[in-house]
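Under the numbering used here, the first residue of the sequence shown carries the number 3, and numbering increases by one thereafter.
All C-beta atoms in this analysis are idealised placements derived from N, C-alpha and C, irrespective of residue type, glycine included.
Model, not experiment: these values are computed from the prediction.
Down below is the structure, laid out as structure tokens.
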Amino acid sequence: MKALKLFDGMPYRDLVSWTSVISGYACEGNAVGAVGLFNEMRREVEPNVVTMIVMMRTCSDVVLGSQFHGYVVKGGFLMDCSLKNSMLKMYADFDCLDDSEILFKETVTRDMISWNIMISLYSSRRETMRMADCFSTMRCEVEPSIETLTTLISGLAEYGNSNEGKQIQCLAYKYGFSDHILSSSLLDLYAKAADFETLTQLFRDLSYRNSDAWGTMVTVLTENGYFDEAVDLFQQMVVAGIQPMTETLRSLIVACMHMCALRLGRVVHGYCVRKSHLACNKDSLPIETSILNMYVKCGNISSARNFFDRTRVKDLVTWSSMIEGCGMHGLGHESLELFHQMKEEGIEPNGITFLSLLSACSHTGLLHESCEILTSMSRKYGLEPDLDHYTCFVDLLGRFGMVKEALSIILKLTVSPDSRIWAALLAAARVHEDQKVSEYAGEKLFELENQNAGYYTLLCNVRAHVERWDEVEEVRNTMKAKNLMKHPGWSCLQVEETFHGFVSGDRWHGRSEEIYRVIECLYRNAIEA
3 MKALKLFDGM PYRDLVSWTS VISGYACEGN AVGAVGLFNE MRREVEPNVV TMIVMMRTCS
63 DVVLGSQFHG YVVKGGFLMD CSLKNSMLKM YADFDCLDDS EILFKETVTR DMISWNIMIS
123 LYSSRRETMR MADCFSTMRC EVEPSIETLT TLISGLAEYG NSNEGKQIQC LAYKYGFSDH
183 ILSSSLLDLY AKAADFETLT QLFRDLSYRN SDAWGTMVTV LTENGYFDEA VDLFQQMVVA
243 GIQPMTETLR SLIVACMHMC ALRLGRVVHG YCVRKSHLAC NKDSLPIETS ILNMYVKCGN
303 ISSARNFFDR TRVKDLVTWS SMIEGCGMHG LGHESLELFH QMKEEGIEPN GITFLSLLSA
363 CSHTGLLHES CEILTSMSRK YGLEPDLDHY TCFVDLLGRF GMVKEALSII LKLTVSPDSR
423 IWAALLAAAR VHEDQKVSEY AGEKLFELEN QNAGYYTLLC NVRAHVERWD EVEEVRNTMK
483 AKNLMKHPGW SCLQVEETFH GFVSGDRWHG RSEEIYRVIE CLYRNAIEA
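Given below as structure tokens:
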């Protein structure tokens with residue numbers, strides 16, 4: 003405001019002063035103010051290239067950007083490479099691929115920035131082949147920068163091709179780029195490619211391993227399912243005297259959650275408290291939500307609730323996580339209470355919140371409440387239920403044996419049912435021995451998912467139940483012909499300092515006989531209860 007008052011009081015305002023004030027509006031994200039000043043400026047002086055670059059950065063939508071593009075053409079500014087790059091960046095930011103490609107092809111002099119913008123656009127759209135072609139053509143005109151290779155690696159990481167990653171790594175050495183700059187992107191690529199050997203070797207070969215490098219390694223291992231390795235690496239990090247960052251600790255907590263390592267999760271939680279990583283503000287919400295989810299998934303709902311109650315700042319994700327957690331543990335009434343408390347706090351629910359709430363009702367068997375929630379979504383909150391919400395509702399109806407009502411709900415949907423909702427109906431029909439609905443749901447399921455081994459096994463069980471052995475054999479032969487195999491379920495638990503992993507029907511554990519005796523005892527007690 004002070005700058006604007008000073009500007010308004012100037013007896014003579016030249017192009018530089020106009021551009022400076024417009025730039026101030028642009029930095030604040032005030033597109034309306036910037037455009038207003040631009041129109042006012044043109045009554046006194048004509049803009050130059052610098053002014054137009056500033057205006058390109060203020061565009062709040064592609065329509066406004068196109069108008070300024072027209073002004074650039076009319077004003078004869080098209081020969082300036084920096085301005086063209088600004089226009090190209092504007093179209094790329096709004097994901098306008100056709101406009102970006104037309105402008106790029108019309109550009110006679112294309113520098114490294116021009117190429118980087120196009121490669122980044124292809125990468126963001128996951129158009130890997132076009133990104134690779136663009137990079138190959140670029141190398142004929144200009145040398146790539148470190149930003150080029152980083153973007154290229156990030157784009158390739160989505161498809162997990164380690165061979166292409168190695169080629170880019172060689173290019174980086176050829177151009178003299180430092181390995182630690184590209185390390186984060188390369189580590190992510192090799193992890194997604196499941197090339198654990200190359201991943202580990204790259205990390206070991208890094209000339210400089212700071213907190214970022216260690217943290218990146220822990221994060222990529224966690225994100226790609228290498229939870230044991232992530233925990234081991236974190237322990238090495240602590241021994242090496244490296245202080246972990248908040249994001250690294252959050253990744254470790256996620257690993258603990260997936261491993262059901264409650265004791266280790268408590269240790270990490272305590273470390274976060276001692277090292278002031280839980281600042282009780284919006285910045286610490288991601289790690290606080292991860293701690294909450296860790297306690298929930300590890301089966302300690304009381305610790306989760308205590309932590310939730312002590313958390314001063316709660317956003318929609320935090321509330322939804324606690325609502326879902328209570329539901330997972332059969333505390334549907336507590337989920338409903340939390341939902342009402344959340345509304346009293348002035349936080350509006352979204353589709354994920356309602357999904358958590360419906361899931362809680364399903365686990366607890368709250369049919370009436372579930373009907374009210376589903377109805378209120380559109381009537382009261384203006385949110386249209388999607389397939390996930392209806393799948394939860396179908397699952398709940400199935401638990402009550404209302405199989406035909408569940409089928410009726412599916413047939414009335416305005417969107418095409420997916421495999422999950424048919425699988426929920428099929429599971430319910432099997433439990434309640436509704437053979438007709440089982441057959442119908444099975445047929446619909448296989449129309450959508452004919453490569454899922456689990457669904458073939460489910461269909462075998464349905465037909466075996468009514469002793470249609472010829473059809474069972476036919477399904478099994480189809481599985482063999484398609485080389486489909488159902489992978490057994492896997493779980494783990496922590497006893498003192500040791501993690502024990504199990505697969506479905508496991509007999510290889512050293513204490514398997516004792517384990518099965520306890521399971522049998524629990525089963526008998528459950529039946530008698």
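Residue nearest to residue i in terms of C-alpha spacing, selected from the options
i	options	result
Glu103	Ile55, Ile119, Ser410	Ile119
Ala263	Val241, Asn295, Gly512	Asn295
Gln437	Ser358, Asn463, Ala36, Ser410	Asn463
Met133	Tyr161, Val110, Glu108	Tyr161
Ser84	Ser62, Glu149, Trp117	Trp117
Leu333	Leu17, Phe40, Leu359, Glu225	Leu359
Cys61	Val51, Ser125, Lys91, Leu80	Lys91
Val110	Phe96, Met131, Asp95, Asn87	Asn87
Pro49	Gln171, Cys523, Arg15	Arg15
Leu66	Glu339, Met81, Val34	Val34
Asp207	Arg381, Gln171, Ile121	Gln171
Asn302	His331, Ser278, Val275	His331
Asp197	Gly167, Lys176, Arg211, Ser209	Gly167
Asp95	Asp63, Arg312, Glu108	Asp63
Asp311	Met344, His335, His279	Met344
Range of the contiguous alpha helix (DSSP H) that encloses residue i
i	result
Val439	437 to 450
Met35	One detail in the question is off: residue 35 reads as Gly in this sequence, not Met. Taken as a continuous stretch (DSSP letters only), the alpha helix (DSSP H) holding Gly35 covers 33 to 43.
Asp135	130 to 140
Glu374	369 to 383
Ala431	421 to 433
Phe229	229 to 241
Arg401	389 to 401
Tyr27	17 to 29
Leu158	148 to 159
Lys345	334 to 346
Met114	114 to 126
Arg88	Correcting the residue type first, residue 88 is Ser in the shown sequence and not Arg. Note, Ser88: alpha helix (DSSP H), 83 to 95.
Close beta carbons around residue i, own chain, < 7 angstroms, minus the five adjacent residues each side
i	result
Gly217	Pro246, Met247, Glu249, Thr250
Val222	Leu189, Asp190, Ala193
Lys414	none
Gly353	Leu385, Asp388
8 angstroms CB neighbourhood of residue i in its chain, flanking five on each side removed
i	result
Cys300	Cys258, Met259, Cys262, Ala263, Leu264, Gly267
Gly400	Ala408, Ala426, Leu427, Ala429, Ala430, Ala431, Val433, His434
Cys136	Trp117, Met120, Ile121, Tyr124
Val417	Asp388, Leu389
Separation of residue j from residue i, as counted between CA atoms
i	j	result
Arg127	Arg112	22 angstroms
Leu99	Met89	13 angstroms
Val74	Phe179	37 angstroms
Asp97	Leu123	7 angstroms
Thr291	Ser125	30 angstroms
Ser156	Thr200	17 angstroms
Ala242	Ala174	28 angstroms
Thr152	Tyr392	42 angstroms
Lys76	Ile55	15 angstroms
Leu369	Thr377	13 angstroms
Met12	Phe40	17 angstroms
Gly38	Glu346	41 angstroms
Ser305	Arg59	48 angstroms
Gly31	Gly72	22 angstroms
Lys277	Val270	10 angstroms
Gly512	Glu475	35 angstroms
Beta-carbon proximity check, residue i vs residue j, cutoff 9 angstroms
i	j	result
Thr540	Leu398	This structure gives no information on residue 540, because the portion of the chain shown stretches from 3 to 531.
Gly329	His365	yes
Ala215	Ser186	yes
Met114	Ser147	yes
Trp321	Ile349	yes
Lys406	Val439	yes
Val298	Gly327	yes
Ile325	Phe309	no
Ser286	Ile244	no
Val396	Ile423	yes
Phe70	Val51	no
Val47	Leu8	no
Close beta carbons around residue i, own chain, < 6 angstroms, minus the five adjacent residues each side
i	result
Phe205	Met219
Arg314	Cys282
Met379	Phe356, Leu385, Pro387
Ala36	Ile24, Tyr27, Ala28, Thr60
Pro419	Ile412
Ala159	Asp190, Leu191, Lys194
The ligand GDP heavy atom lying under 8 angstroms from the CB of residue i
i	result
Asn352	Inclusion of the ligand GDP in the displayed structure is not the case, the ligand content being empty and no account of it being possible.
Beta carbon proximity, residue i to chain D, threshold 9 angstroms
i	result
Leu357	Within the model displayed, chain D is absent; a lone protein chain is all it includes.
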